[in-house]
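Heads up: the structure comes next, in structure tokens.
Number of protein chains: 2
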Amino acid sequence: MNSFDMNDWSRRQLLAVEQALTAWVPADAPAGLGEAMRYAVLDGGKRLRPLLVLASLEACGAQAVSAWMSEAGMRAACAIELIHAYSLVHDDMPCMDNDVLRRGKPTVHVKYGQAGALLAGDALQTLAFELLTPDHSDIPAPVQARLCNLLARGAGHAGMAGGQAIDLASVGEQLSLQQLRQMHRCKTGALLETSVQMGAVAAQADAKAMQALLSYGQALGVAFQVVDDILDVTADTAVLGKTAGKDADNNKPTYVSLLGLDGAKKEAAALAQQAQQALADSGLVQTQALQALADWVLQRQH
Amino acid sequence: MNSFDMNDWSRRQLLAVEQALTAWVPADAPAGLGEAMRYAVLDGGKRLRPLLVLASLEACGAQAVSAWMSEAGMRAACAIELIHAYSLVHDDMPCMDNDVLRRGKPTVHVKYGQAGALLAGDALQTLAFELLTPDHSDIPAPVQARLCNLLARGAGHAGMAGGQAIDLASVGEQLSLQQLRQMHRCKTGALLETSVQMGAVAAQADAKAMQALLSYGQALGVAFQVVDDILDVTADTAVLGKTAGKDADNNKPTYVSLLGLDGAKKEAAALAQQAQQALADSGLVQTQALQALADWVLQRQH
Chain A
0 MNSFDMNDWS
10 RRQLLAVEQA
20 LTAWVPADAP
30 AGLGEAMRYA
40 VLDGGKRLRP
50 LLVLASLEAC
60 GAQAVSAWMS
70 EAGMRAACAI
80 ELIHAYSLVH
90 DDMPCMDNDV
100 LRRGKPTVHV
110 KYGQAGALLA
120 GDALQTLAFE
130 LLTPDHSDIP
140 APVQARLCNL
150 LARGAGHAGM
160 AGGQAIDLAS
170 VGEQLSLQQL
180 RQMHRCKTGA
190 LLETSVQMGA
200 VAAQADAKAM
210 QALLSYGQAL
220 GVAFQVVDDI
230 LDVTADTAVL
240 GKTAGKDADN
250 NKPTYVSLLG
260 LDGAKKEAAA
270 LAQQAQQALA
280 DSGLVQTQAL
290 QALADWVLQR
300 QH
Chain B
0 MNSFDMNDWS
10 RRQLLAVEQA
20 LTAWVPADAP
30 AGLGEAMRYA
40 VLDGGKRLRP
50 LLVLASLEAC
60 GAQAVSAWMS
70 EAGMRAACAI
80 ELIHAYSLVH
90 DDMPCMDNDV
100 LRRGKPTVHV
110 KYGQAGALLA
120 GDALQTLAFE
130 LLTPDHSDIP
140 APVQARLCNL
150 LARGAGHAGM
160 AGGQAIDLAS
170 VGEQLSLQQL
180 RQMHRCKTGA
190 LLETSVQMGA
200 VAAQADAKAM
210 QALLSYGQAL
220 GVAFQVVDDI
230 LDVTADTAVL
240 GKTAGKDADN
250 NKPTYVSLLG
260 LDGAKKEAAA
270 LAQQAQQALA
280 DSGLVQTQAL
290 QALADWVLQR
300 QH
């Protein structure tokens with residue numbers, strides 16, 4: 000056994016991410032925009048995507064992570080969290096999921112109005128790309144450009160936004176398991192895959208490591224969504240921090256509705272195992288944080 | 000007199016921009032997302048921002064624009080048009096300006112629903128940054144990264160989105176001329192300034208040219224908004240392609256409400272003259288297209 004302490008690791012990383020987000024999401028954006036942006040992103044959320052970026056950076060750069068690599072990793076971690084936060088702000092709006100509770104707090108449109116939420120979400124997305132392309136930085140331009148491209152592809156029409164479009168169109172529809180997988184691979188999986196890829200790019204990982212981490216990210220992404228569907232059925236609203244039972248109420252297809260609760264639990268366990276196997280086959284040595292994150296995705300209660 | 004023919008120049012550029020947008024905005028994005036994105040951006044609009052990018056590229060690279068510079072210019076031109084298009088889609092939504100007519104057609108939310116419009120706008124913004132960071136391209140990574148950064152800053156909390164937040168907060172408020180200028184400098188001016196800067200970066204212009212073009216873009220940006228306010232009062236809805244008289248109906252402060260119609264016309268003419276002077280002082284030789292665009296901004300009827 001080695002001495003890796005996941006609680007300690009994630010406490011340190013979460014603190015650093017929170018400090019960076021607090022510094023980089025502007026308090027002084029005009030007319031309340033900054034306040035709404037900060038409300039949407041600070042002091043809440045599991046921060047799974049930033050942790051994946053930083054765990055991937057560590058796995059790929061175990062030997063020598065330079066100062067600019069650390070900076071690139073932290074910028075990537077925050078940028079992807081901004082994309083995630085913007086998508087939640089827009090998803091919660093009345094014309095989408097019409098949710099009033101997120102992370103145990105009123106959603107952004109409840110607090111700042113729909114126009115305020117729309118704008119805050121838009122500006123959070125823009126800020127993600129600003130963070131990735133700092134002037135006067137030691138981060139090499141090819142790394143900056145590649146991080147932007149990965150993030151845009153993960154978040155865009157062929158990734159998260161595309162998955163949301165499928166999701167919208169699927170309410171009340173019968174989806175096959177294959178169609179459900181494709182939807183979630185885009186909607187949730189794309190950004191989780193992108194997280195591990197961005198960490199690897201920040202560490203200038205080789206092609207073999209990139210491929211292994213992509214496999215890990217793909218399995219983890221689907222596992223995450225299967226567990227989400229399980230929790231929507233089994234967890235309390237209070238524990239979940241958002242309204243439970245929404246998917247069933249909205250007649251949305253889920254892994255639980257297709258596979259049953261036990262079937263969904265088996266599927267989640269199998270996917271988490273696939274993710275672990277991808278790490279074992281990767282040749283990377285310092286993968287403890289990535290392993291622990293896969294365990295967490297399977298076992299999480301919220 | 001030289002033989003520059005603005006009609007011919009802009010016809011050629013507009014055709015090239017339309018072809019590029021048609022190729023780059025995906026028809027096959029899932030579940031109708033691509034259709035809504037294309038509806039929002041193709042076959043309409045003045046394309047002022049792309050023309051400014053390409054005119055600026057030409058002014059800075061008069062001697063030798065390489066193949067990658069041309070590609071970077073076209074990608075920048077399309078990227079900034081995508082940002083402009085996304086902002087219109089979201090601005091038109093019921094929670095913002097609640098407009099049903101844009102470029103003479105039903106707005107995106109009227110045609111595709113509010114959720115569809117929200118997502119299409121989101122995905123158009125993302126696509127802008129994807130276009131600027133192509134894999135396997137001869138565009139140097141520093142140019143890619145710099146274009147992303149300029150676009151993010153022009154579109155984000157300190158630029159367009161910030162200006163929209165001020166605009167939202169100002170409905171029914173008394174603004175001073177200075178406050179009105181600040182709002183429009185962000186809301187409309189930032190993206191126009193960014194257009195000429197992106198063209199200059201694509202052409203690897205020197206600092207003196209960048210500064211001159213920034214002055215040109217700043218004056219042009221305010222002139223554009225002053226003329227917008229004039230047209231809101233004087234033009235027909237049919238000619239304008241959007242609902243005329245909205246600002247007065249919404250009790251929004253405008254240059255016309257602050258300066259009167261004659262005062263606003265004088266202001267626009269003075270700003271257009273400032274823009275021309277910046278070009279004359281720039282030392283750049285092939286500025287005919289930029290000159291013609293400043294004339295057009297002053298004289299446009301829609």
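Going down the list, the sequences are from chains A and B.
Positions 0 to 301 (numbering that gives the first Met the number 0) are the ones given, in order, by the first sequence.
Positions 0 to 301 (numbering that gives the first Met the number 0) are the ones given, in order, by the second sequence.
For glycine and all other residues, C-beta sits at the position ideal for the given N, C-alpha and C.
Source: prediction; values computed, not measured.
The contact set of residue 36 of chain B on chain A, defined by CB atoms closer than 8 Å, consists of 156 in chain order.
No Cβ-Cβ contact shorter than 7 Å links residue 15 of chain B with residue 82 of chain B. At a cut-off of 7 Å between C-beta atoms, residue 6 of chain A does not count as an interface residue with respect to chain B.
For residue 134 of chain B, the residues of chain A that pass the 9 Å Cβ criterion are 145, 148, in the order they occur in the chain.
The beta carbon of residue 121 of chain B falls within 7 Å of a beta carbon belonging to chain A, placing the residue at that interface. In terms of Cβ geometry, residue 162 of chain A and residue 191 of chain A do not form a close pair [threshold 7 Å].
Less than 7 Å divides the Cβ of residue 91 of chain B from the Cβ of residue 106 of chain B.
Ranked by how close their Cα comes to the Cα of residue 42 of chain A, the residues A:75, A:71, A:55, A:103 have A:103 in first place. In chain order, 72, 198, 201, 202 place their CB closer than 6 Å to the CB of residue 56 of chain A, counting only its own chain and leaving out the 5 sequence neighbours on each side.
With its beta carbon at least 7 Å from every one in chain B, residue 79 of chain A lies outside the interface. Scanning chain A for C-beta atoms nearer than 8 Å to the C-beta of residue 196 of chain B yields nothing, as the closest lies near 13 Å away. The criterion of a C-beta distance shorter than 7 Å is satisfied by residue 187 of chain A and residue 224 of chain A. If you draw a 10 Å sphere on the C-beta of residue 280 of chain A, you find fewer than 16 other C-beta atoms in it, and that means exposed. By the 16-neighbour rule on beta-carbons within 10 angstroms, residue 74 of chain A is buried.
DSSP places residue 186 of chain A in the helix class (H, G or I) of the three-state scheme. In this structure, A:54 is the residue among A:54, A:22, A:35, A:31 with its C-alpha nearest to the C-alpha of residue 284 of chain A. For residue 205 of chain A, there is no enclosing alpha helix (DSSP H), as DSSP marks it with neither H nor E. Residue 105 of chain B has B:100 as its beta-bridge partners, per DSSP. For residue 59 of chain B, no CB of chain A lies under 7 Å from its own CB, so it is not counted at the interface with that chain. The alpha helix (DSSP H) runs of length 4 or more contained entirely in the stretch 2-30 of chain A are, from start to end of the chain, 5-23. By the neighbour-count criterion, in which a residue is buried when 16 or more other Cβ atoms sit within 10 angstroms of its Cβ, residue 21 of chain B is exposed.
Contact check for residue 288 of chain B and residue 68 of chain B: beta-carbon distance about 16 Å, past the 8 Å limit, so the pair fails to qualify. Straight-line spacing of the CA atoms in residue 206 of chain B and residue 291 of chain B works out to 23 Å.
Contact annotation, residue 143 of chain B with residue 126 of chain B: C-beta distance approximately 15 Å; criterion of less than 8 Å not satisfied. Taking 7 Å as the threshold, the shortest C-beta distance from residue 124 of chain A to chain B falls below it. Around the beta carbon of residue 275 of chain B, 16 or more other beta carbons lie within 10 angstroms, which makes this residue buried. Using a Cβ-Cβ cut-off of 7 Å, residue 161 of chain A is close to 28, 29, 32 of chain B, given in chain order. Beyond the five residues adjoining it in sequence on each side, residue 226 of chain A comes within less than 8 Å, by CB distance, of 267, 296, 297, 299 in the same chain, given in chain order. The Cβ atoms of residue 124 of chain B and residue 113 of chain A do not sit closer than 7 Å to each other.
Linking residue 117 of chain B to residue 2 of chain B through their CA atoms gives a straight-line distance of about 46 Å.
Between residue 189 of chain A and residue 129 of chain B, the CB-CB gap reaches or exceeds 7 Å. With respect to the 7 Å criterion, residue 25 of chain A and residue 31 of chain A are not classified as neighbours on the basis of their beta carbons. The shortest C-alpha to C-alpha distance from residue 136 of chain B to any of A:135, A:133, A:145, A:139 is the one to A:145. Here the alpha carbon of residue 39 of chain B sits roughly 15 Å from the alpha carbon of residue 19 of chain B. Here residue 210 of chain B carries a helix assignment [DSSP, helix/strand/coil].
The C-beta of residue 175 of chain B has fewer than 16 other C-beta atoms within 10 Å across all chains shown, which makes the residue exposed.
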